[in-house]
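Colleague: Below is the structure I would like to discuss, written out as structure tokens.
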Amino acid sequence: MGTKSTRKDFYMEIRKSSGRFISILFIVALGVAFFSGIRSSEPSMRLTGDAYFDGANLFDIKTVSTLGITREDIRALQDVDHVAKAEGSYSADFLSNTEDEQYVLHVMALQKDMNEVAVTDGRLPEKIGECLADDEMGYKVGDKITLKSGTSNPVSDTLKTEKLTVVGTGSSPCYISFGRGSAAIGTGSIDGFLIVPEQTFDLEAYTEAYVQVAGAKELTTYTEAYDKKIEEVMDGIEDITGDRGKIRRQQLLDDANAELDKAKDELAKGKEESDQKLGDAANAIADGEQQLGDARAKIEDGKSQIADAKATLNSKQKELDNAKAEYENGLAKFQEGKAAYEQGAAEFAAGKPAAQEQIRQGEEGLAMFRQQLDQGWNGYNRLLENIKGMEDNPMDPSWPGYDEWLLTLGGLKEQADATNKDLSAQEEEYAKQSAKLEGAKKQLSDGGQKLQDTKAALDASEQQLSQAANQIKSGQEQINAGWQELHSKEATLTDGENELNAKAAELEDAKKEYEDGKAKAEAEIEDGEKKISDAEREIADIEKPKWYVYDRSSLPEFSGYGENADRMRAIGKVFPVIFFLVAALISLTSMTRMVEEQRTAIGTMKALGYDKFAIASKYLGYALLATVGGSVIGVLVGEKILPFIIIYAYEIMYHHIPKILVPYNWQYAAIASFAAIICTMAATFLACYRELDAQPAELMRPPSPKDGKRVFLERIGIIWKHLNFTWKSTVRNLMRYKKRFFMTIFGIGGCMALMLVGFGLKDSIFDIADIQYDDIQVYDGSIYLQENLTEEQRQDLRGFLKKDKDVQRFIDANMQSVTLVNGKKERETYECVLEDPGKMNQYIHLRDRKTKEAYELSDEGAIISEKTAKLLDAKEGDSVYIKDEKDGNKEVKIEHICENYMGHYLYMTPKYYEKVYNEKPDYNSIFFAAKDSYTKKQLEKAGEKIVAEDAVLSVGYMHDIEKQLDDMLKSLNLVIVVLIISAGMLAFVVLYNLNNINITERQRELATLKVLGFYNPEVAAYVYRENIILTFVGAAVGAVLGRILHLFVIQTVEVDAAMFGRNINLPSYLYSLAFTVAFSFIVNGVMYFKLRKIDMVESLKSVE
């Protein structure tokens, strides 16, 4: 194009064939856009995620320790090579109830420089009692949240307050999707998180530490370089964990021993004080007994003196009576009656005060006795309340002081029984004394009444007896005086005896109190000694803490984001290449046809003296301009729109990642553009120089037509004879233009195949969740058990599950992660052993994917999942090895390969497990199935009861895993739609381009048909008929090619952790065919206008 005329010709050619130029430009743009856009999606996803994580200062490494992490540990982490920053933090799981349900909340301390929270509404918490809530939970600013521990330990053991007020809502970079992780309380799944100020926690040591690695921010997350950098620092941290564990253990031992020494000193001091008090009490009791003995001796002496005085008075009275006998001969009856009355009256009068005083003292003694009894019963009731309190709030058997608590409870019960028995005996004694006192009162009252009656009778005869009374008065007064003095002394003696009895009772109470105090002191001392013994044993049992070092993959859904990027990379390796090849082939065909069409013009220019390069430069420039233009448009549009659409689709899951970054990836742009230019330019160059090798005269004549050949159908007379002229022409035209025939079939078949692959991907990917968790793993959840359970604890849990009406069936299972080895290939795999292999089909269906043949486990081998076997390159009958660096690898024979889509599994019987390991399996989990009609909410309610059992660590639900998988795969919906739409656009362009070439090549033929009288619709039908046949033939070829291509793509895009389905459903074939046919009809409609413009004069032009 060095001359003005060649440049003008070049520009005129673009103007004249603008349709061809634009179609080449568009198809190259489409191919380059799809190739570079899909290929760029994966790095753009990684860059978008990395920018979010770096902007939020997300940690690179997380460490936890079984004994907590101290400030000294943080400083040691900070000193590890390449650690930029280390920061301690707190977190714990709690329960919170609402009106409708119970939530499990993960409470985290607000970090200073890491894991920055994005506030959606409100503000960050600033003081104790404030919190920021997970914006997925639906909390509003001002809401009140009350926390419960979910265990026997109170919230106050961890937090300074259990009541929180929501002051803001937001998101955390630790949770980029919907998953919040698992917990050991409640349903076993965390529902949301709360952020509180660090001072809200009341713990001695940090629960975890976060580390940022120097230089990690300059690297992109999810890349090999980043992983390698992090792994180096994790190895460095692992190196210090041994020493830090020793230091932490020694620190705890020192603190515990100091506390123990203090407790021993307090116990010794208390024992000394108790001995002193008990000694003083014993001395006081001995003194009291000595005094009581002396008092009893005096009283007995007084009683003897009174008895002697009575004898003397009686003797005197007898002498007086004898003297009176003579006087009273005549008045014997009266005197006897009067004497008897006076004697009784005197005795009653003399004894009445003493009796009344005795009754009063008896009442006071009984009142005092009653008061002491009431105090005893009150003490007994308080003892019962203490026992009931301890029984209503039993201690966790796993608590270190549980045995001590149990012994204390037993001692209190024995003390209560003894107290009850003693108080009951005293009540009986009280009743006897009360009855005795009432009898004395009655006797005194009856005596007074009798005297009154006698006095009334004597008053009548008093006058008659007065003279006799005067005579005996003198003697009787003396006797009476003696009796009065005697009664006085007797009353005094009675008072002293009563006082002595009271003192004796007090002494008995003192003795009992002494014995009770002595027993209590001995029990307390024994209890203290036992506590010290238990503490010494616990201190001796303190083990070196275990440190666990995690990277970001420990966060919920974090790895899923990287795996989704890996899926896009896998799709980008296959689908865009095929797409690009179809586009490149069609553009190549267009340029080849253009050169062949302008054969005469090339011959003319060659005859005029133009050299080969000058002639070829026109076509090479044409191809270059169209290809470069298409490449630029494809790169500019494709690398911005396609990655944005794909990442936006994934933001349905990862909606907390705020900003999508889609930079231009010049590597993929250069590869796509270079390939497009090379393909088109090479084809144009070869076509040009093939024509330029001929002589000008030969070029200015059309090429000689090929010899006519009979088509295949002509040999089948029964069919050929029944075809009319147009159909015979159609058949001959199809076979005459073989190059066009095969190019059209390949183009349409390729596009049909691409669309079928797009629909097939949807079928293969979206069905696996239902198949895996509805057809293969048919149990509802897994119960993960605590470590080192006794057989009694296991039996208790089994008994609970048997009684639980929510649980339909359950079975013990051993689930552990092992590394399978076959040659140089290794794969992390879950090893599953059920206690009763005969019930395997009730929980897991082991079957062949293709034939659906059911497999049963035997004691001679294991069953391995299909994807695992493929990755290990193992077949049925082969042996693989379980990696064991300590005791040597264990050989496992593969009996069958079973259908499985998510994860890697190795199934075996308990007997085969014992044969492989030389030990019985340790069942560390339980598979369970709830009632068939149970909803997700009912299942989680059942799980809450299960996880509350002491033997249970946590509960996992299959529906959570299925939902997580469904959410992840649904994000591919828009991606697959993009693939299908892109394939459809390519189909349209391919059909348009091929039809355009077909009509251009046959312009004189079609003009001749018009001369022969064909109307425009008939001419169009003449061409359409061929197009429709080629469309259906191409679609049939595309269905076969698409099935093969789909299998190849599925196997290519699979990640190691999953196996996609191999099926394409019938609707996918129908949709692909319908789109292909629809595009064919649309292109036919567009081409109609081109056919209508063909002039009949074209048929009269000479080709010479």
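The working numbering numbers the first residue of the sequence shown as 20 and each following residue consecutively.
Don't be surprised by glycine CBs; every beta carbon is placed ideally from N, CA and C.
#1: Any contact of the segment 34-54 with the segment 200-209, i.e. 3+ C-beta pairs under 8 angstroms?
#2: Verify whether the separation of the beta carbon atoms of G628 and V51 is less than 8 angstroms.
#3: Can you give the Cα-Cα distance for K1109 and P192, rounded to whole angstroms?
#4: What does a CB cutoff of less than 7 angstroms around R868 pick up in its chain, not counting 5 residues either side in sequence?
#5: So K955 is in the alpha helix (DSSP H); what residue range does that whole segment cover?
#6: Below 8 angstroms on the Cβ atoms is my contact criterion, and I expect D79 with D422 to pass it. Report the Cβ-Cβ distance as a whole number of Å.
#7: Pick helix, strand or coil for F1033, following the three-state DSSP scheme.
#8: Excluding sequence positions up to five away, which residues of its chain have a Cβ less than 6 angstroms from the Cβ of H864?
#9: With a 10 Å radius around its C-beta and 16 neighbouring C-beta atoms as the bar for buried, classify S334 as buried or exposed.
#10: Return the chain-ordered list of same chain residues with a C-beta closer than 8 angstroms to the C-beta of M587, the five sequence neighbours on each side being excluded.
#11: Measuring only the C-alpha atoms, how far is R1135 from I802?
#12: Could you tell me which uninterrupted beta strand (DSSP E) segments, each at least 3 residues in length, are contained entirely in the segment 754-801, listed from first to last along the chain?
#13: Would you mind reading off the limits of the alpha helix (DSSP H) that contains E149?
#14: Spatial neighbours of L392 within its chain, please: CB distance less than 7 angstroms, with the 5 preceding and 5 following residues excluded, ordered by chain position.
#15: Run through DSSP, which three-state label would H978 get?
#16: Measuring only the C-alpha atoms, how far is A902 from N908?
#17: Short of 8 angstroms in beta carbon distance, which residues of its chain neighbour L129, apart from the five on each side in sequence? Order them along the chain.
#18: Just how far apart, CA to CA, sit L998 and G896?
#19: Does the beta-carbon distance from Y229 to N134 come in below 8 angstroms?
#20: Just reading off the alpha helix (DSSP H) that R618 is part of, what are its end residues?
#21: By a C-beta neighbour count over all protein chains shown, 10 Å radius and 16 as the cutoff for buried, is I88 buried or exposed?
#22: Should H1065 be labelled buried (16 or more other beta-carbon atoms within 10 Å of its own) or exposed?
#23: List the whole-angstrom C-beta distance separating L876 from I882, where the pair is believed to meet the contact cut-off of C-beta under 8 angstroms.
#24: For S783, which option in F1007, Y874, Y1034 and Q1070 has the closest C-alpha, if you only look at C-alpha atoms?
#25: For a test of the three-state rule: what should DSSP assign to W418, helix, strand or coil?
#26: Measuring alpha carbon to alpha carbon, tell me which of A642, K407 and A620 ends up nearest I634.
#27: Would you kindly work out how many angstroms separate the C-alpha atoms of A888 and E872, rounded to a whole number?
#28: Using a Cβ-Cβ cut-off of 8 angstroms (strictly less than) and excluding sequence neighbours within five positions of F45, which residues of its own chain qualify?
#29: Secondary structure at S24, three-state DSSP: helix, strand or coil?
#30: Considering only DSSP beta bridges, list what I164 is partnered with.
#31: In this structure, how does DSSP classify Q130 when only helix, strand and coil are distinguished?
#32: Mind checking which residues open and close the beta strand (DSSP E) that includes M834?
#33: Looking at the unbroken alpha helix (DSSP H) that takes in K1109, where does it start and where does it end?
#34: Could you please give me the residues that DSSP links to I665 through a beta bridge?
#35: Could you compute how far the alpha carbon of F72 sits from the alpha carbon of H675?
#36: Report the rounded CA-to-CA distance for Y1090 versus G1003, giving the unit in angstroms.
Modeller: From the atom records:
#1: no
#2: no
#3: 59 angstroms
#4: E885 and E918
#5: For K955, the enclosing alpha helix (DSSP H) has its first and last residue at K955 to V966.
#6: Not quite, the Cβ-Cβ distance comes to about 45 angstroms (not below 8 angstroms), so this is no contact.
#7: coil
#8: I795
#9: exposed
#10: The beta carbon of M587 is closer than 8 angstroms to those of I57, S60, E61, M64, I665 and V994 in its chain, skipping five residues each way along the sequence.
#11: Not covered by the structure: residue 1135. The range shown for the chain is 20 to 1123.
#12: none
#13: First-last for E149: E149 to D153, but that is the beta strand (DSSP E), not the alpha helix (DSSP H).
#14: L442, Q445, E446 and Y449
#15: helix
#16: The sequence shown places Lys at residue 902, not Ala. Looking at the two C-alpha atoms, the distance is approximately 5 angstroms.
#17: V136, L143, P144, L151, I214, V215, P216 and E217
#18: 41 angstroms
#19: yes
#20: First-last of the alpha helix (DSSP H) with R618: R618 to A626.
#21: buried
#22: buried
#23: 6 angstroms
#24: Q1070
#25: Looking at W418 - three-state DSSP - the assignment turns out to be coil, as it is neither helix nor strand.
#26: A620
#27: Cα atoms of A888 and E872: separation of roughly 18 angstroms, rounded to the nearest angstrom.
#28: Result list for F45: G649 and V1008, in chain order.
#29: helix
#30: L183
#31: coil
#32: For M834, the enclosing beta strand (DSSP E) covers residues V826 to N841.
#33: L1085 to R1111
#34: Partner residues in a beta bridge of I665, as assigned by DSSP, do not exist.
#35: 11 angstroms
#36: 11 angstroms
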